[in-house]
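Asks: Per this note's numbering, the sequence shown runs over residues 35 to 111.
Ideal placement from N, C-alpha and C gives every residue a C-beta, glycine not left out.
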Amino acid sequence: MTKKKLQALMMDFKHYAFILLAVSVFLYIGVVIPDEGKQELYDTVLMVTTVLFLIGSFLCFKKSLHFKKQLDQIEEH
């Protein structure tokens, strides 16, 4: 892969990770805020979705780091 393509992929995955992290924070706030008429299933679905988004964010950060290491190897040579 070219240097420019690796840099673009690295930045894309970093942006995906930040977006997933931000959305998971908003979903978690939805769980924490008390609501009298809220069903327990609603909280469970929000927490499962929050955890999935956090896992996705972690994986995107990891992929971004992988592309960063490849980019560093190319620049080293």
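#1: In whole angstroms, what separates the C-alpha of LYS72 from that of SER98?
#2: Is LEU88 near GLN41, with beta carbons less than 8 Å apart?
#3: ILE13: which of HIS49, LEU54, MET81 sits nearest, CA to CA?
#4: Out of CYS94, LYS37, LYS102, point me to the one whose CA is closest to LEU54's CA.
#5: Express the C-alpha separation of THR84 and SER58 in angstroms, rounding to a whole number.
Replies: A quick look at the data gives this:
#1: The count along the sequence shown starts at 1 and reaches residue 72 at position 38. The count along the sequence shown starts at 1 and reaches residue 98 at position 64. Looking at the two C-alpha atoms, the distance is approximately 38 Å.
#2: Within the sequence shown, numbered from 1, the residue matching residue 88 stands at position 54. Within the sequence shown, numbered from 1, the residue matching residue 41 stands at position 7. No, the pair does not count as a contact, with Cβ atoms beyond the cut-off.
#3: This structure gives no information on residue 13, because the portion of the chain shown stretches from 35 to 111.
#4: As a working note, residue 54 is residue 20 in the sequence shown. When only C-alpha atoms are compared, the closest one is CYS94.
#5: By one-based count along the sequence shown, residue 58 stands at place 24. By one-based count along the sequence shown, residue 84 stands at place 50. Each residue's alpha carbon lies about 5 Å from the other.
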